[in-house]
Amino acid sequence: QKEVEQDPGPLSVPEGAIVSLNCTYSNSAFQYFMWYRQYSRKGPELLMYTYSSGNKEDGRFTAQVDKSSKYISLFIRDSQPSDSATYLCAMEKTDSSYKLIFGSGTRLLVRP
Amino acid sequence: DTAVSQTPKYLVTQMGNDKSIKCEQNLGHDTMYWYKQDSKKFLKIMFSYNNKELIINETVPNRFSPKSPDKAHLNLHINSLELGDSAVYFCASSSGQGTQYFGPGTRLLVL
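Protein chains in written order, with my numbering: chain A, 4 to 115; chain B, 80 to 190.
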């Protein structure tokens, strides 16, 4: 079983929809939770970063962490065709190794 | 003024050859990384250096040898290339936990 599980998709939604992307994890030592966006043939770009539990909002993006359920989510409001990309969740423990464990990524397609 | 840059962008080579990929960051970060992304988009860490010192060395064949001449540069040398080495290799850097910034990637194709 992988430490971080993520549905590969693809997830296809109409423009303007609310998108929900999720990851589950098995290791309770994870304390840092990130979402990266990766466009085709580009490097991953850091979107959101959360420490421990709670919500964080940045424009149309909201990240949620539920440590009791070992479940994290990224919500995208008013989705745009330019949001079409692969979204990768990533997690890190507090053991000073700076080692990120990634999910396999969810491919999102926002249809105009 | 690219934050994390890699060269070359593309590398096509024959099995058995030796090749190097270079990475530079101008963010002033202390920690740099090499990741491998396979055809299914799975991103896996290979190595990490903190201030020129190796801190993460995942179970990578010893044909792969990283080298950090200074904290702004991290190079990856691969000996005796194999078909299975074909992938996209990403360099990243960070100043602390949770905030890694990635380069544009080097697409390696071994024929």
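Think of the CB as a built atom: it goes at the ideal place given N, C-alpha and C, for glycine as much as any other residue. No experiment lies behind these values; they were computed from the predicted model shown.
So what does DSSP say about residue i, is it helix, strand or coil?
i, result
"G12 of chain A", "coil"
"P183 of chain B", "coil"
"S85 of chain A", "helix"
"G163 of chain B", "helix"
"Y39 of chain A", "strand"
"Q93 of chain B", "coil"
"Q104 of chain B", "strand"
"Q4 of chain A", "coil"
"N158 of chain B", "coil"
With a threshold of 16 other CB atoms inside 10 Å of the CB of residue i, please say whether the residue is buried or exposed.
i, result
"L153 of chain B", "buried"
"L106 of chain B", "exposed"
"Q179 of chain B", "buried"
"R80 of chain A", "exposed"
"D61 of chain A", "exposed"
Rank the options by C-alpha distance to the C-alpha of residue i and give the top, closest one.
i, options, result
"E132 of chain B", "B:K88, B:R186, B:Y112, B:K119", "B:Y112"
"K84 of chain B", "B:T92, B:N96, B:G95, B:K101", "Note that residue 84 of chain B is Ser in the sequence shown here, rather than Lys. Of B:T92, B:N96, B:G95, B:K101, the residue nearest in Cα terms is B:K101."
"F181 of chain B", "A:L14, A:S72, A:P47", "A:P47"
"Y114 of chain B", "B:M94, B:L160, B:F143", "B:F143"
"R110 of chain A", "A:L103, A:I104, A:L91", "A:L91"
"I75 of chain A", "A:G12, A:W38, A:T89, A:L49", "A:W38"
Provide the residue span of the beta strand (DSSP E) that contains residue i, from first to last.
i, result
"I21 of chain A", "No beta strand (DSSP E) holds I21 of chain A; DSSP gives it neither H nor E."
"S144 of chain B", "143-149"
"Y128 of chain B", "122-129"
Which partner residues of residue i appear in the DSSP bridge assignment?
i, result
"D61 of chain A", "A:F64"
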